[in-house]
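Engineer: Sending over a structure as structure tokens; questions will come in a sec.
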Amino acid sequence: MLQDLQLTEEEYINAIRSTLKTKKIFYKRNSLEVAINPYNPTILKLLESNMGLQGVLDAYAAAFYMVNYVTKIEAGLSKLLKEASEDAEDGNLDLNQKLSKIANIFINGHVLSTQEAAYQILSLPLCYASKASVYINTVPKNERCRMLKTKKELKKLPKNSVDIYKSNIFQKYEKIPNQFDSYCLADYACKYTHFPNSTDSNDINEDNETNDNAATLTQRKKDKILRYHNYRIDTDMVNYYREQLLLFLPFRCEDTEIINKDYKEMFFKNYHTITTNKKNDYAIDETDRETALELAELNEDKDEDEDEKKITT
């Protein structure tokens, strides 16, 4: 066949490679076996059933494949939500109408199994995780959302009081005991928890301290997974350095020690402290990060292509 096409084997292999974006295994097969899925003879004899084996060349690719397989029943829902969001932005709708329109699309396009519906009605958790996570809102202070105090708490305040918001993680961190001065915000959020009234003995250690507000600061047995905005240095350098200072440099007052400073100069001045705190538990290899992002984009492109094929057929 290659002779008829006037191609060498090397040219044929390069032509196949030009269509690939990731590593892929091609099994040696005869022309009569083109339509046969990859299989293992030993497993085939044991199971006597259909199979489609794939070699795992990348852990992220395997994870994406499993997630897409589990959620394939909702194929196209993300596209519908995206289109609904764009239509809502283009139309003359207020915020409530936009939310209602998107919610209706989600409800009508989301397929629930009987078990999932029962779990939702009974308020049972649909998934469990071996580790909890914590999100630190590292956007600039004037852009952060705040939670109002309850009506009961507001009624107890003086009429002229402006202290109407609940304490957030930044304010709680600024009030930690003096013996924790060397702990950065990331350590405080992931390794310790405030327990104003009671503690959960299954999740904490005996190493407890009390802060100025008589709340118990307790070390966790399992650290939480840190999540944050994650600015990129190539797109938003100012906020990147500010975020690194906020998370990994110990401070006592954000207003006086972090805000309105020369973030870049301050970052390199405290470079050793920041990188040490970050590498301990929170650093992710940039190669792994980029690989995960590339695979996510490839999977999104595949999903969109499959949705378009379904629509055209």
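By the count of full-length UniProt numbering, the sequence shown reaches residue 313 at its end, each step adding exactly one. Cβ coordinates follow ideal geometry from the N, Cα and C atoms, glycine included.
1. If distances are taken between C-alpha atoms only, which option among Cys-127, Pro-125, Leu-77, Leu-53 comes closest to Ala-103?
2. Mind checking whether residue 318 and Thr-256 have CB atoms under 8 angstroms apart?
3. Excluding the 5 residues preceding and the 5 following Tyr-241 in the sequence, name in chain order all residues of the same chain whose CB lies nearer than 7 angstroms to its CB.
4. Nearest to Ser-182 by CA position, among Asn-277, Phe-106, Thr-8, is which residue?
5. Should Thr-138 and His-272 be called a contact, given that it needs their Cβ atoms to be closer than 8 angstroms?
6. Ignore the nearest five residues each way along the sequence and tell me which others in Ile-25's own chain have a CB closer than 6 angstroms to its CB.
7. Leaving out the 5 sequence neighbours to the left and right, which residues in its chain are closer than 6 angstroms to Leu-80 when beta-carbon positions are compared?
8. If Gln-244 sits next to Ile-274, beta carbons under 8 angstroms apart, how far is it from one beta carbon to the other, in whole angstroms?
9. Would you kindly work out how many angstroms separate the C-alpha atoms of Leu-148 and Pro-140, rounded to a whole number?
10. Thinking just about the alpha-carbon of each residue, which of Arg-17, Cys-127, Asp-58, Arg-227 is nearest to the one in Ala-186?
11. By the 10 Å Cβ neighbour count, where 16 or more other Cβ atoms means buried, how is Tyr-188 classified, buried or exposed?
12. On the CB-based measure, 16 or more other CB atoms within 10 Å of its CB, does Ala-61 come out buried or exposed?
13. Suppose you measure from the CA of Val-238 to the CA of Arg-232; what does that come to, to the nearest Å?
14. Would Leu-93 and Lys-82 qualify as a contact pair, given that the criterion is a beta-carbon distance under 8 angstroms?
15. Within this structure, are the beta carbons of Tyr-39 and Leu-53 separated by less than 8 angstroms?
16. Which residues mark the beginning and the end of the alpha helix (DSSP H) in which Ile-36 is found?
17. Measuring only between beta-carbons, confirm whether Phe-64 sits less than 8 angstroms from chain D.
Structural biologist: Let me lay it out:
1. Leu-77
2. The displayed coordinates of the chain run from 1 to 313. Any statement about residue 318 would go beyond what the structure contains.
3. The residues are Tyr-263, Lys-264, Phe-267.
4. Asn-277
5. Cβ atoms of Thr-138 and His-272: not closer than 8 angstroms.
6. Gly-55
7. Ile-105, Gly-109
8. 6 angstroms
9. 19 angstroms
10. The shortest Cα separation from Ala-186 among Arg-17, Cys-127, Asp-58, Arg-227 belongs to Arg-227.
11. By the 10 Å Cβ count, Tyr-188 comes out buried.
12. buried
13. 10 angstroms
14. Their beta carbons are not under 8 angstroms apart, which means Leu-93 does not touch Lys-82 by this criterion.
15. yes
16. Counting along the chain, Ile-36 falls outside any alpha helix (DSSP H), and DSSP gives it neither H nor E.
17. The structure shown contains no chain D; it holds only a single protein chain.
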